[in-house]
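Going down the list, the sequences are from chains A and B. Using our numbering, the letters of the first sequence correspond one by one to residues 5 to 341. Using our numbering, the letters of the second sequence correspond one by one to residues 5 to 341. Written below as structure tokens is the structure these notes are about.
Number of protein chains: 2
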Amino acid sequence: MLDRFFSLAKNRAKAFGAEYVKLWEALECNTSGGKRFRPRMVMAAYEGLGGTDIHAAAYVGAAFELLHTALIVHDDVIDRDFSRRGIPNVSGSYRDIATTAGIPIPTAEHRGMSVAIIAGDLALFNSYRLIDRSGVTGEVREHLLEILDYALFASAAGELIDVDLSLTAGLPGVDEVLTMERLKTAVYTFESPLQAGAVLAGAPDVVVAALASYGREVGIAYQIVDDLLGVFGLETETGKTTLGDLREGKRTVLIAHATQTPEWSVIYPYIGKSDLSERDATLVRTALEVSGSRSFTERLARSHVDRALASLAHPEIPEPLRAELSAVAFDVLSRVR
Amino acid sequence: MLDRFFSLAKNRAKAFGAEYVKLWEALECNTSGGKRFRPRMVMAAYEGLGGTDIHAAAYVGAAFELLHTALIVHDDVIDRDFSRRGIPNVSGSYRDIATTAGIPIPTAEHRGMSVAIIAGDLALFNSYRLIDRSGVTGEVREHLLEILDYALFASAAGELIDVDLSLTAGLPGVDEVLTMERLKTAVYTFESPLQAGAVLAGAPDVVVAALASYGREVGIAYQIVDDLLGVFGLETETGKTTLGDLREGKRTVLIAHATQTPEWSVIYPYIGKSDLSERDATLVRTALEVSGSRSFTERLARSHVDRALASLAHPEIPEPLRAELSAVAFDVLSRVR
């Protein structure tokens, strides 16, 4: 679906010049790859609840994937990130073109960010269009649009909390970080796509609610695990440096817990230290273990996975779907093992 | 319609905290005021072509107005502008809150820009929703969504050209500036709203096309006149300083023409001079008159207004609508008299 969408868009862009086609190509590059969680969640719920119009479900999945692209492209502008998983993102590739042309770095960076704002706008607007193009009509269509709408509404609220937290001198508590992570990412990645798949399959409200609840819990668990991997992960597996979160002083559950422990006095000088070394990081990791922050965070992730599994117990959820989603929940946890 | 839309959104935002409600308030502030060109154009075409469902037309008009809000909020981020017509915009008001809290200016500015990216995303996504909420269904709805989609598609293309032009050392030609201005602003301000109003009224394709053509021409004329006012306008009337365009070295039709005249050697040292004085500006204005750039630009605006009026000659356009839109075209020109 996304292939076809981008091919149409690029074709249409030709009338506006080669640069505009390139922008659409950059957007396409930033949409492909990744784990495609959102289409997978839509499809799992849809097929698991007896849906057979794979075409429509693929469009709905693509809509959430394009929403994801829009949100990460803009999030990278907000975070002043020029790469994602080691590859230049939209801001980064356009910055690089400008620096290669001899444009000074601050101007080149702003150019990259400007193009990324435009690209994200196109992705955002078209996520909506893809639901429209699914061919679904009437109440189901209206319901799907409400779900997509809520996903963006929640994500914007989460992004706002994130922006505000990064400005506050004091560090937030565990609950505040959890709320931010849930709204900013978990809702649109798990909760909303599962709801959408269930609604598209014509599932009863109780089933839609049970899947939404599962998605909410597994989504939170996923973010908590991400916080752990950002410090304790293996770079070879995550594709991310395990110094990044510490260097940027990222507000995570792990750190939020640590602030309440005696070990914080050892840890805090390293949080946000832009030239943090591997040796510094080892010290911080040890302190996070001694403080109990690592095990607290692991337990917290497990407790959300438990709640996710409990939501699946609803008798109207067919067994194969329950099995598939249970496996997804275990996969989330296994990332930290 | 927008009042109701914002009141619902603010109510919904309460569950996400007071800061999120404030963000919606800021977005509402940045939507009200202004000339409300887009709803006026939708309504003029709709009522002038016999439409009677004022409720639906108001929603469609509000959709274009919200698209406008999204685009200017993001355009201000791209241009690093923190005010619009002398009043702090979203970036500006959030920057000011941060500086008042003692946050250093670069961080405060980035915070303002970050919040503005989020706010623009919400406005953009919801512009689409408002068409949906108009109650229009079937082919007409699909057609309206295509028109809104094209408006954003064109505007993004224009914004990209603008970003690229501002990076190029050489100055663009008149045609390039005209293309940029048409795509970036004229399409979604005049052409698309008029088309949408006509489609909503069930007008025949030839009438929709005639109004689109009128909108395109009058929209270009409006932008050309804006370029003139940016240098020769009366601040008391435009609410904008007449030094701004020169200080920022804005790519305008006026300047594009001047580059091709012998007077350019006198003018160019002042273009983009950030501390340009009123005395410097007087000298530039005189040179732009001697070079013929002012009269060329005025003639160009008139020729587009002439073409706009010619488009209205189509026999299927009712006389009262022709009269109303002719008046709009003359108003555009009268701003420079």
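We treat Cβ as the ideally placed atom computed from N, Cα and C, and that holds for glycine.
Give a yes or no on whether the C-beta atoms belonging to I224(A) and A202(A) are separated by under 7 Å.
No, the pair does not count as a contact, with Cβ atoms beyond the cut-off.
Report whether the distance from the Cβ of K277(A) to the nearest heavy atom of the ligand MG is below 6 Å.
The model on display carries no ligand, and the ligand MG is accordingly not part of it.
Could you run through the stretch 103 to 131 of chain A and flag, in chain order, every residue whose CB is less than 9 Å away from some CB of chain B?
Result list: A105, I107, T111, A112, H114, R115, M117, S118, V119, I121, I122, A123, G124, D125, L126, L128, F129, N130 and S131.
Please list, in chain order, all residues of the same chain as L342(B) whose beta carbon is under 7 Å from its beta carbon, the five residues on each side excluded.
In the structure as shown, chain B starts at 5 and stops at 341, and residue 342(B) therefore has no counterpart that could be examined.
The stretch 159 to 182 of chain A: which residues have C-beta closer than 7 Å to a C-beta of chain B, in chain order?
From the stretch 159 to 182 of chain A, only A160, A161, E163, L164, V167, D168 and L171 have a Cβ closer than 7 Å to chain B.
Between which two residues does the alpha helix (DSSP H) containing R16(A) stretch?
First-last of the alpha helix (DSSP H) with R16(A): L6 to A17.
Put R88(A) into one of helix, strand or coil per three-state DSSP.
Strand, per DSSP.
Count the other CB atoms, across all protein chains shown, that sit within 10 Å of the CB of I91(A); report buried if there are 16 or more and exposed otherwise.
I91(A) is exposed by the Cβ-count criterion.
What residues of chain E sit near E143(A), judged by a beta carbon separation below 9 Å?
Included in the structure are the protein chains A and B, with no chain E among them.
On a CA-only basis, which of E29(A), N93(A), I58(A) and W268(A) is nearest G116(A)? Give me that one, please.
It is N93(A) whose Cα lies nearest to the Cα of G116(A).
Could you give the DSSP three-state label for P273(B): helix, strand or coil?
It is helical.
If you check the beta carbons only, do D230(A) and L258(A) fall under 7 Å apart?
Cβ distance not < 7 Å, so D230(A) and L258(A) don't count as in contact.
Can you tell me whether D249(B) is buried or exposed, with buried defined as 16 or more other CB within 10 angstroms of its CB?
That one is buried.
Compute the distance between the beta-carbons of G253(A) and I275(A), then report whether it is under 7 Å.
In this structure, I275(A) lies closer than 7 Å to G253(A) by Cβ.
Is DSSP giving Q199(A) helix, strand or coil here?
Note: Q199(A) maps to helix in three-state DSSP.
By the 9 Å beta-carbon criterion, what residues does the stretch 268 to 291 of chain B contribute toward chain A?
Against chain A - using a Cβ distance shorter than 9 Å - the stretch 268 to 291 of chain B contributes no residues.
Under a three-way DSSP split, which group does R3(B) fall into?
Absent from the model: residue 3(B). The displayed extent of chain B is 5 to 341, so no value can be given.
Within 7 Å of any Cβ in chain B, is that where the Cβ of F10(A) sits?
It does not; no Cβ of chain B falls within 7 Å.
Return helix, strand or coil for L280(A), following the three-state DSSP convention.
DSSP places L280(A) in coil when its eight states are reduced to three.
Within 7 Å (strictly less), CB to CB, does H72(B) reach chain A?
No, H72(B) does not count as interfacial toward chain A.
Which residue's Cα is closest to the Cα of A120(A): K26(A), Y63(A), S269(A) and E180(A)?
Out of K26(A), Y63(A), S269(A) and E180(A), K26(A) has the C-alpha closest to the C-alpha of A120(A).
Would you report the Cα separation of N130(A) and I122(A), rounded to the nearest angstrom?
Taking the straight line joining both Cα atoms gives about 13 Å.
Kindly indicate if chain B contains any beta-carbon less than 7 Å away from that of L27(A).
Yes, L27(A) lies at the interface with chain B (some Cβ there is under 7 Å from its Cβ).
For I321(B), does the count of other Cβ atoms within 10 angstroms reach 16, so buried, or fall short, so exposed?
Buried.
Note down, in chain order, all residues in the stretch 75 to 105 of chain A with a beta-carbon under 7 Å from any beta-carbon belonging to chain B.
Cβ contacts with chain B come from H78, V81, I82 and A102.
Looking only at its chain, what residues have a beta carbon closer than 7 Å to the beta carbon of D100(B), apart from the 5 residues adjacent to it on each side?
Counting only Cβ-Cβ distances below 7 Å, and skipping sequence neighbours, we find P92.
By Cβ distance below 6 Å, which residues in the same chain neighbour P43(A) in space, the five residues on each side in sequence not counted?
The residues are G65 and E69.
How would you list, in chain order, the residues of chain A whose beta-carbon sits under 8 Å from the beta-carbon of R16(B)?
Neighbours of R16(B) on chain A, chain order: F157.
Which residues bound the alpha helix (DSSP H) around I109(A)?
First-last of the alpha helix (DSSP H) with I109(A): I109 to D136.
Examine chain A for any beta-carbon lying closer than 7 Å to the beta-carbon of F20(B), and answer yes or no.
Output row for F20(B): interface = yes.
Short of 7 Å in beta carbon distance, which residues of its chain neighbour P176(B), apart from the five on each side in sequence? Order them along the chain.
Excluding residues within five positions, the ones whose Cβ falls inside 7 Å are L169, R255 and A260.
So for V211(B), helix, strand or coil by DSSP?
DSSP places V211(B) in helix when its eight states are reduced to three.
Can you give me the start and stop residues for the alpha helix (DSSP H) that V257(A) sits inside?
Looking at the DSSP string, the run of the alpha helix (DSSP H) that includes V257(A) is V257 to A262.
Using CA coordinates, which residue listed in S297(B), S278(B) and S281(B) is at the minimum distance from P266(B)?
Nearest of S297(B), S278(B) and S281(B) to P266(B), Cα basis: S297(B).
Which residues of the stretch 178 to 209 of chain B have a Cβ closer than 8 Å to any Cβ of chain A? Give them in chain order.
Per Cβ criterion, the list reads L187.
Relative to the alpha-carbon of S118(A), which residue among Y154(B), L325(B), G237(B) and L164(B) has its alpha-carbon at the smallest distance?
Residue L164(B) is the option with its Cα nearest to S118(A).
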